[in-house]
Amino acid sequence: MSPQLAGVLQLTALIAALALAYRPLGDHMAKVYSSEKNYTPEKWIYKVIGANPAAEMRWPAYLRGVLAFSAVSVLFLYLLQRIQGSLPGSLGFSSIDPDQAFNTAASFVANTNWQSYYGEQAMGHVVQTGGLAVQNFLSAAVGMAVAVALVRGFARSRTGELGNFWADLVRGTVRILLPISVIGAVVLVACGAIQNFSGIHQVGQFMGGTQEWNGGAVASQEAIKELGTNGGGYFNANSAHPFENPNPFSNLFEIFLILLIPFALTRTFGRMVGSLRQGYAILGAMAVIWIGFTALMMWTEFAHRGPAFEIAGGSMEGKETRFGIAGSSIFAVATTLTSTGAVNSFHSSYTGFGGGITMLGMQLGEIAPGGVGSGLYGMLIMAVIAVFIAGLMVGRTPEYLGKKIGTRQIKLAACYILVTPALVLGFTAVAMALPTPGDSMTNSGAHGFSEILYAYTSGANNNGSAFAGLNADTQWFNTTIGIAMLLGRFVPMVFVLALAGSLAEQKPVPETAGTLRTDKPLYAGLLVGTILIITGLTYFPALALGPLAEGLAS
329 MSPQLAGVLQ LTALIAALAL AYRPLGDHMA KVYSSEKNYT PEKWIYKVIG ANPAAEMRWP
389 AYLRGVLAFS AVSVLFLYLL QRIQGSLPGS LGFSSIDPDQ AFNTAASFVA NTNWQSYYGE
449 QAMGHVVQTG GLAVQNFLSA AVGMAVAVAL VRGFARSRTG ELGNFWADLV RGTVRILLPI
509 SVIGAVVLVA CGAIQNFSGI HQVGQFMGGT QEWNGGAVAS QEAIKELGTN GGGYFNANSA
569 HPFENPNPFS NLFEIFLILL IPFALTRTFG RMVGSLRQGY AILGAMAVIW IGFTALMMWT
629 EFAHRGPAFE IAGGSMEGKE TRFGIAGSSI FAVATTLTST GAVNSFHSSY TGFGGGITML
689 GMQLGEIAPG GVGSGLYGML IMAVIAVFIA GLMVGRTPEY LGKKIGTRQI KLAACYILVT
749 PALVLGFTAV AMALPTPGDS MTNSGAHGFS EILYAYTSGA NNNGSAFAGL NADTQWFNTT
809 IGIAMLLGRF VPMVFVLALA GSLAEQKPVP ETAGTLRTDK PLYAGLLVGT ILIITGLTYF
869 PALALGPLAE GLAS
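For the sequence shown, this note's numbering assigns the number 329 to the initial residue and increments by one for each residue that follows.
Have a look at this one:
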């Protein structure tokens, strides 16, 4: 069997698995967020935190809950790292330096999971399981809660109430993320991923020195790392490490976990707004971009020219032989079109165009299918923009799901899509202009520029993957990427929740013969075109200086 055919079969199997899970999971999540029943463990949690799950919140109160909870999470995780040296189960590791502790705390709370440290050489069991793994659950649940609040904004009328943040947070964690993660961890253990609390073991001699491995609760963290589109690896090699990702089956299973909830949330959206066809339209737009990017990535990596590459069957540098080009390409696209950031290969070693595809996937806003929650609300923002553009073309007031898209709504949507590019391009420009940040680049020229552009693209878009080659463990990069992660995560949420509140206050607009049908393939195509054009106009000059220049020169 040729590697290309094996890749097509893997992609087909993945699509089939996602299709089988789409309906039951999507319907289950709609029931979770529409239910008025509270389970006993949830009641205990509400009692501890002093929350009333039945109390409805308007968007400012919902936003205050999101920001307050996230601020406390950052502080807790920061302090946990700073006192690691005094904690049991630290494996002898010292406390984390202030700048790196800030960067890591911001990273995991913002669902970015950018890592400027070697996991197996820095974090003990308590920080890994009690700090990082916990935030993998909670940051994902926050994203899902904000997405559901926006969906309620479309579904409700004549009210500014968007639900209860604390109830959405707890239910998303207890009823969705936790059960699936338990099943996922069992599957990964069966595949060969490790799950223990052992210490550091010397396993042999290597080039005159000793090689040491440490154990950990890897499978359980790996499951929520992928399911919650987090991405932070227990080991520095991330999902290329055999303890995290042992074989081709586990590799495909992890990709399945990455894409599972973001795609299924489109059915949840359709169910909650009372029109499954609207959910299918959003799903179609996401699927077209994802499949297109995957096919393009596989083509550019398999077709890389040169005798050495032809003998190897394509561009194999930086890729695990266990997964090959196909498994690596599918994983790379899945992880950069979502906010996962996990890697099973070295993105810096991809072809110039291949590296550009991973970068462009993040610059789209990670909406195809995007992060857990963030992908859906990002796509709905783009849907509002697309409806506005269509309204301009036909000369009528734009409407979406029975809600008028007026001046206030389009301003909020425009502010949302401007935040991330401003952070990415602004920080990249400053880093390239200053003398010190450039010293962290391993490469010069277009590839070196791509290292810095990728780092801020990954941070501001809450992805967390690294182009590698860049020494990001400096005060400059730890601080600026940390700021980019926090602003890139929470400032857009302000506009999302404000938009949700303004939509919920409207009365529904009756559908007429002139209403644009947003549940048709024509609109899905318009949505895809809008996404590509807006992203292209924003990032093309920067991409031309980096991956495009490198690709054309090779």
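Don't be surprised by glycine CBs; every beta carbon is placed ideally from N, CA and C.
query	result
Under the three-state DSSP convention, the category Tyr374 falls into	helix
Cβ neighbour criterion (16 or more within 10 Å) applied to Tyr446	exposed
Boundaries (first-last residue) of the alpha helix (DSSP H) holding Thr808	Gln803 to Glu833
Beta-carbon contacts of Ala845 that lie in its chain and below 8 Å, excluding the five residues immediately before and after	A small fix is needed here, since residue 845 is Arg in this sequence, not Ala. Closer than 8 Å at the Cβ level, and outside the excluded window around Arg845, lie Tyr851.
The region 506-522 contacting the region 727-737, beta-carbon criterion three pairs below 8 Å	no
Beta-bridge partners of Glu540, as assigned by DSSP	Gln530
Anticipated Cβ contact below 8 Å, Ser677 with Gly646, distance rounded	3 Å
Where Lys731 falls, given that 16 or more other Cβ within 10 Å makes a residue buried	buried
Among Ala711, Ala433 and Gly684, nearest to Leu855 - alpha-carbon criterion	Ala711
Burial state of Lys835, where buried means 16 or more other Cβ atoms lie within 10 Å	exposed
Residue range of the unbroken alpha helix (DSSP H) whose run includes Ser778	Gly773 to Ala788
Meets three-Cβ-pair contact criterion under 8 Å: the region 473-484 and the region 493-504	yes
Alpha helix (DSSP H) segment containing Leu580, residue limits	Pro576 to Val601
Expected contact under 8 Å - CB spacing of Ile552 and Asn464 to nearest Å	4 Å
Closest Cα partner of Glu839 within the set Lys848, Arg817, Leu729 and Ser786	Leu729
Close-in-space but distant-in-sequence residues of the same chain around Ala714 (CB under 6 Å, 5 per side omitted)	Leu854, Leu855 and Thr858
Length of the line joining the Cα atoms of His356 and Gly458	28 Å
Beta-carbon contacts of Gly842 that lie in its chain and below 7 Å, excluding the five residues immediately before and after	Arg724
CA-to-CA distance, Ala358 to Thr596, given in whole angstroms	5 Å
Close beta carbons around Leu555, own chain, < 8 Å, minus the five adjacent residues each side	Ala468, Leu505, Ile508, Ser509, Gly512, Leu585, Ile586, Leu588, Ile589 and Val700
Cβ-based burial, Ser414 [other Cβ within 10 Å; buried from 16]	exposed
Strand pairing of Leu720, partner residues [DSSP]	Leu720 pairs with nothing; no bridge assigned.
Own chain residues within Cβ distance below 7 Å of Gln332, not counting five before or after	Phe630
Leu708 versus Gly420, Met385 and Gly693, residue with shortest Cα-Cα distance	Gly693
At least three beta-carbon pairs within less than 8 Å, the region 448-462 to the region 479-488	no
Candidates Ala434, Ala383 and Ser423: closest to Ala788 by CA position	Ala434
Three-state class that DSSP yields for Ser657 in the structure shown	helix
Residue from Tyr744, Val402, Val498 and Gly655 with nearest C-alpha to Pro369	Val498
Cβ pair Asn290, Gly810 closer than 8 Å	Residue 290 lies beyond the stretch modelled for the chain, which goes from 329 to 882, so this question has no answer here.
Top-ranked residue by Cα proximity to Met687, from Leu704, Gly669, Gly703 and Ser702	Gly669
Span of the alpha helix (DSSP H) around Pro869	Pro849 to Leu873
Alpha-carbon spacing of Ser578 relative to Thr487, whole angstroms	46 Å
Within-8 Å CB hit, Gly719 to chain C	Protein chains in the displayed structure number just one, and chain C is not present.
Three CB pairs or more closer than 8 Å across the region 555-572 and the region 653-672	yes
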